[in-house]
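> Just so we're aligned: 256 in this note's numbering is position 53 of the first sequence, and the numbers increase by one with no gaps anywhere. C-beta atoms are modelled at their ideal positions from N, C-alpha and C, and glycine is treated no differently. These numbers were taken from a predicted model, which means no experiment stands behind them. For reference, the structure I am asking about is given below.
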Amino acid sequence: MNSGLPPLSLYNTLTRKEEPFEPLDGGNVRLYVCGPTVYDFAHIGNARPVIVFDLLFRLLRHVYGPKHVTYVRNITDVDDKINARAARDYPSLPLNEAIREVTEKTATQFAADAQALGALEPTYQPRATDFVLPRPDGKPDMVSLIEQLIARGHAYEAAGEVLFDTTSMPDYGRLSGRNLEDNLAGARVAVDTHKRNPADFVLWKQSSAQEPGWDSPWGRGRPGWHIECSAMSAAYLGETFDIHGGGLDLIFPHHENEIAQSRCAHGTREMARVWMHNGFLQVEGQKMSKSLGNFITINELLATDKFGGRIWHGEVLRLAMLMTHYREPIDFSVRRLEEAETKLRDWQRAAAGAETGEGDQPDASVVAELARDLNFHRASVALDVIAKKASRGQAEARHCLAATLRFLGFSLDSLVADDQGLEEPAHVVQAVAARLSALNDKDFATADRIRNELAEQRIALMDFKDPATGERRTRWELKR
RNA sequence: GGCCACGUGGCGGAGUGGUGACGCAGCGGAUUGCAAAUCCGUGAACCCCGGUUCAAUUCCGGGCGUGGCCUCCA
């Protein structure tokens, strides 16, 4: 099947190698990525996995067909940070209502951010709170998973909590390359006395009357940090699926513990076959942190002048992220954004006027580069070759460039707009004609005045020679 | 202290056991009344020290530097 399409290979954190990708079921390729905890605006570090795994989603859809790829990105709406934020921001509301305010507002903002970054919506975006208790539809849930872990001897109750027994799993720590002794040696927090082993982690914990909680076999409480992803991935993708993604910081303990929970609860040999992790961001050479004052949210970048004294388009941020291979660290800077903007504008200029339609296919060489572990940078070099041809006037290349840009998640007019983006282009057309007429009369003062007036409306004029007649003609674009 | 990444020209960044793509910026030129846009051309780099090898930026070891993780931070 799919002969003629490039072989796809992906780097697998589990094996520390790039491997050929073979889906378990080519008719349903399954991808899970850890989504946001909705307690505050997402920062630009959070934007990277959104963009990287969107690119993977698009590539998989291209290779296997849009109907044959399932992408799940969860929303974590139960967390102690959410509780704290709710109590702080809505002190007059009952906690549960306050929590709902916080999670609704933040989830909506996140969806808007993701869209601005050119990311497609995942197939499913489940919320953790819908998967705590057993469900009418019988999909896996956290309480049932925990019961299963206890029944199979992988978890135990202690001091009102349910804990995972890490010694019950012989290869616990394989993903992160850790063993239990490493964790012991590095422990900097006093070991909780009710844990049998220092590395054991919480599956369920008690809630006080003031905290959100669900009635469970172990009393009123709430789920531990990791169990939600085990439940929601199983609910939509099954016990074993193809790819699990997230940030590098999640390898340990989150993904390690997810693997432990899912495999032990289901009695399977693997949870996901391929584990992919994106690298981290620094900002202007320094770690991003609130205390350094270089903490920047996606929304601030898109809507305020906080970074570099101006706003930036979401697609510029997208390209700025993709310029560097997804596993490499990125030093985020104004200069990087400027370069991304220049590049995207060049591509859009070269694609201007292209006719696009439904059945358009992206360029094969670009796809082939992406198939090599999402090597976007090499793909962009291939795209530059096409853009060069397009800007020389090859209509076919222009068409291909436009289709490929769309495939990669970029629009054709985010930085450069032609008359479609303008309500009344007639006055521009008129002004351009008047200027050309003035130029013919060598009336440069008038011509420049018209050009300046248009510039104030963010309309830039560019003269060029008609290739056929040699006459001067003028092109214009709306700068955004 | 333990584990894991990363370190290529001013900047971004790919890649390779055999004298190092490409992009941005710079510089020179064409075009232009001037600009912008476009086109052509161009200089410049593989953290340090050992080892393996006929040959290392690429493999191995050590060092230095940066970053991440080390039990509730997605």
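Considering only residues of the segment 394 to 457, which uninterrupted beta strand (DSSP E) runs meet the minimum length of 3 residues and lie entirely inside it, listed in chain order?
Complete beta strand (DSSP E) runs here, min 3: 404 to 409, 417 to 419, 422 to 426 and 444 to 450.
> May I ask you to list the residues that DSSP assigns as paired with Asp-666?
Asp-666 is bridged to Thr-677.
> Quick one: is Leu-495 buried, meaning 16 or more other Cβ sit within 10 Å of its Cβ, or exposed?
That one is exposed.
> For Tyr-152, name the three-state secondary structure that DSSP assigns.
Nothing about residue 152 can be read from this structure; the chain reaches only from 204 to 683.
> Quick check on this structure: which residue in Leu-352, Gly-376 and Arg-581 has the alpha carbon closest to the alpha carbon of Val-365?
Comparing Cα-Cα distances from Val-365 to each of Leu-352, Gly-376 and Arg-581, the minimum goes to Leu-352.
> Can you grab the Cα-Cα spacing for the pair Ile-454 / Asn-460, in whole Å?
Distance between the alpha carbons of Ile-454 and Asn-460: 9 Å.
> With DSSP as the reference, label Arg-548 as helix, strand or coil.
In this structure, Arg-548 counts as helix in the three-state DSSP scheme.
> I'd like the list of long-range same chain contacts for Asp-669, defined as Cβ closer than 6 Å, with 5 residues on each side in sequence excluded.
Correct list, in chain order: Arg-676.
> Decide yes or no for the touch test of the segment 510 to 521 against the segment 533 to 541: beta carbon pairs closer than 8 Å, at least 3 of them.
Counting Cβ pairs under 8 Å, three or more are found: they touch.
> Please confirm whether Tyr-235 and Met-526 have their CB atoms less than 9 Å apart.
For Tyr-235 and Met-526, no; Cβs fall outside 9 Å.
> Please classify Glu-461: does DSSP put it in a helix, a strand, or coil?
Here Glu-461 sits in helix by DSSP.
> If you draw a straight line from the C-alpha of Glu-503 to the C-alpha of Gly-612, how long is it?
One C-alpha to the other measures close to 21 Å.
> Considering only the alpha carbon of each residue, which of His-480, Phe-367, Arg-581 and Trp-550 lies closest to Asn-400?
For the residues His-480, Phe-367, Arg-581 and Trp-550, the minimum Cα distance to Asn-400 belongs to Phe-367.
> State the DSSP-derived secondary structure class of His-580, mapped to helix, strand or coil.
Three-state DSSP puts His-580 in a helix.
> Give me the residue from Asn-299, Thr-216, Glu-222 and Glu-324 with the minimum Cα distance to Phe-260.
Selected option, being the one with the closest Cα: Glu-324.
> Express the C-alpha separation of Pro-294 and Gly-416 in angstroms, rounding to a whole number.
Between Gly-416 and Pro-294, the C-alpha separation is close to 19 Å.
> Can you tell me the Cα-Cα spacing of Val-305 and Asp-292, whole angstroms?
So the two alpha carbons sit approximately 8 Å from each other.
> So Arg-601 and Ala-593 are supposed to be a Cβ contact under 8 Å. How far apart are they, rounded?
Arg-601 to Ala-593, Cβ: 4 Å. Contact.
> Pick out whichever of Thr-218, Ser-410, Trp-407 and Tyr-242 has its Cα sitting closest to the Cα of Arg-377.
Arg-377 has its Cα closest to that of Thr-218, out of Thr-218, Ser-410, Trp-407 and Tyr-242.
> By Cβ distance, which residues of its chain are closer than 6 Å to Ala-310, with the 5 residues on each side in sequence left out?
Contacts found: Val-241 and Ile-278.
> What are the start and end residues of the beta strand (DSSP E) that includes Gln-485?
Start and end: 484 to 486.
> Closer than 6 Å by C-beta to Ser-536: which residues in its own chain qualify, once you throw out the five before and the five after it? Chain order, please.
So the list reads Glu-487, once near-sequence residues are dropped.
> Can you check the segment 259 to 324 for any beta strand (DSSP E) of at least 3 residues that lies completely inside it and give the ranges in chain order?
Listed in chain order, they are 272 to 276.
> Does DSSP put Lys-591 in a helix, in a strand, or in coil?
DSSP places Lys-591 in helix when its eight states are reduced to three.
> If you draw a straight line from the C-alpha of Glu-473 to the C-alpha of Thr-443, how long is it?
In a straight line, the C-alpha of Glu-473 is about 6 Å away from that of Thr-443.
> Going straight from the alpha carbon of Ala-390 to that of Ala-402, what length do you get?
With a pLDDT of 42 at Ala-390, under the threshold of 50, the modelled position of this residue cannot be trusted; read the value that follows with caution. About 9 Å.
> Determine whether the beta carbon atoms of Arg-638 and Ala-650 lie at a separation below 9 Å.
A contact, by the Cβ cut-off of 9 Å.
> Ordered along the chain, which non-local residues of its own chain (more than five positions away) have a Cβ less than 6 Å from that of Gly-450?
Cβ within range, chain order: Pro-252 and Asn-481.
> Which of the three DSSP states, helix, strand or coil, is assigned to Ala-574?
Residue state, collapsed to three classes: coil.
> Opposite His-246 in the DSSP bridges: which residues?
Note: His-246 sits in a beta bridge opposite Thr-500.
> Tell me the rounded alpha-carbon separation between Ile-349 and Arg-338.
Rounded to whole angstroms, Ile-349 to Arg-338 spans 15 Å at the Cα level.
> Grab the span of the alpha helix (DSSP H) containing Ala-648 for me, first residue to last.
647 to 659 is the extent of the alpha helix (DSSP H) around Ala-648.
> Helix or strand or just coil, what does DSSP make of Thr-369?
Of the three classes helix, strand and coil, the one that applies to Thr-369 here is helix, per DSSP.
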